[in-house]
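Chemist: Residue 58 in UniProt numbering sits at position 58 of the sequence shown; the count goes up by one each step and never skips. Below is the structure I would like to discuss, written out as structure tokens.
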Amino acid sequence: MPSEDTLGEDRRLAFVEEMGLLWEAEALSPMQGRVLAYLMLSNEPYCSSAELAEALRASKGSISTATRVLADAGLIRRVPVPGQRGHFFRTEDDVWGAFLAGERLHLRRQRAYAEAVIAELGESDVRPRRRLVNMRDYMRWLEEQHHRTMREWQEYKRKRDEGGEGTES
1 MPSEDTLGED RRLAFVEEMG LLWEAEALSP MQGRVLAYLM LSNEPYCSSA
51 ELAEALRASK GSISTATRVL ADAGLIRRVP VPGQRGHFFR TEDDVWGAFL
101 AGERLHLRRQ RAYAEAVIAE LGESDVRPRR RLVNMRDYMR WLEEQHHRTM
151 REWQEYKRKR DEGGEGTES
């Protein structure tokens, strides 16, 4: 990260560690939280796996696992860098909106799973059917909520960017 950043490297890394603790408190991977925070706090357009490993004092394997999970969740993206070898990652400016969009894919997969199992259940599978129907319908309901939430989030950002609500930094 550039040395001209006003935050300073020590404070930036303290925030990175704090995000790891926040994720750990939610039974999530602290390394994933640290990687995400590092990328969110970077002024660079992307960071390499090697840079992440060095800055976070982590193994290449733990960085690889964390970046794969975060990319699958839609929180970060792997980006090609012409003429460079290795893996490079970045976050979207609206990482949480991107996450919400990625989460919808997870919901569709869960709903499809429930539908496939329901199709194979027999008449005597009353309790499993009830559970899987609830799962399917919950995922469908959540998908609808996600669409509404995404529209509301986009509207909120539009108003914020026009100087309306949520402009305090």
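A virtual CB, placed ideally from N, CA and C, is assigned to each residue, including glycine. What you are looking at is a predicted structure, and each value in this text was computed from that prediction instead of being measured.
1. Using C-beta distances below 6 Å, list every residue in its chain close to residue 7, excluding the 5 sequence neighbours before and after it, in chain order.
2. Between residue 127 and residue 118, which are expected to be in contact by the criterion C-beta below 8 Å, what is the C-beta distance as a whole number of angstroms?
3. With H, G and I counted as helix, E and B as strand and the rest as coil, what does DSSP make of residue 69?
4. Of the residues 37, 98, 108, which one's Cα is nearest the Cα of residue 56?
5. Just list the beta strand (DSSP E) runs in the UniProt domain "HTH marR-type" (28–85), keeping only unbroken ones of 3 residues or longer that don't cross its boundaries, in chain order.
6. Please confirm whether residue 132 and residue 114 have their CB atoms less than 8 Å apart.
7. Can you grab the Cα-Cα spacing for the pair residue 91 / residue 52, in whole Å?
8. Based on the DSSP output, what are the partners of residue 90 in its beta bridges?
9. Taking the Cβ atom as the reference point for each residue, do residue 150 and residue 98 lie within a distance shorter than 8 Å?
10. In angstroms, rounded to a whole number, what distance separates the CA positions of residue 29 and residue 125?
11. For residue 125, which three-state DSSP category applies?
12. Is it buried or exposed for residue 147, if we count other Cβ within 10 angstroms and need 16 for buried?
13. Looking only at its chain, what residues have a beta carbon closer than 6 Å to the beta carbon of residue 135, apart from the 5 residues adjacent to it on each side?
14. Short check: CB of residue 139 to CB of residue 105, under 8 Å?
Modeler: On the basis of the supplied data:
1. none
2. So it is not a contact: roughly 13 Å between Cβ atoms.
3. helix
4. 37
5. 77–79
6. yes
7. 13 Å
8. 77
9. no
10. 37 Å
11. coil
12. exposed
13. 114
14. no
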